[in-house]
Each structure stands twice: as structure tokens, then as C-alpha cells.
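J.: Supplied in C-alpha cells, the structure appears directly below.
In this note's numbering, the protein residues as written are 235 to 295.
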């Protein structure tokens, strides 16, 4: 499995863990790939401290 695939898998599991912890009693449908794409677009539009903080918290950078 490629490094990128492992990072995406890790991100997806972490995302589901966080959602389950916050909204465990509800039925939800989430696409980890869509969330990752949206976060990537936000990261590309961010600058300075915001971009640095996003990079520290992200599995992709």
C-alpha cells in the first residue's frame, strides 16, 4: 500500500472516531474523501499562521 493510501486510510479512521465520539447516538453519512478534498482546498487558500496550524493538525502534510 502506498504512503498516500495509508495517510488517507488513517485520516478516514480518525475522522470516523471523532464523529462517533461527538455524534455517537445519531445516524450519519460522511465521505472521508470529500472531507479531505474540502480541507485541501481550504489549506490551499490559507496563508501564514492559519496554514501552518492546518499543516500541524493534518495527516496529509
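Beta carbons are placed, not taken as given, at the ideal position from N, Cα and C, and that holds for glycine. What you are looking at is a predicted structure, and each value in this text was computed from that prediction instead of being measured.
1) Beta-carbon within less than 8 angstroms of residue 253's beta-carbon, same chain only, minus the 5 sequence neighbours each way: which residues are those?
2) Do the CB positions of residue 238 and residue 269 come within less than 8 angstroms of each other?
3) What is the DSSP secondary structure of residue 239, counted as helix, strand or coil?
T.: With the structure as the only source:
1) Beyond the five residues adjoining it in sequence on each side, residue 253 comes within less than 8 angstroms, by CB distance, of 262, 264 in the same chain, given in chain order.
2) For the pair residue 238 and residue 269, the CB atoms are not nearer than the 8 angstroms cut-off.
3) Three-state result, residue 239: helix.
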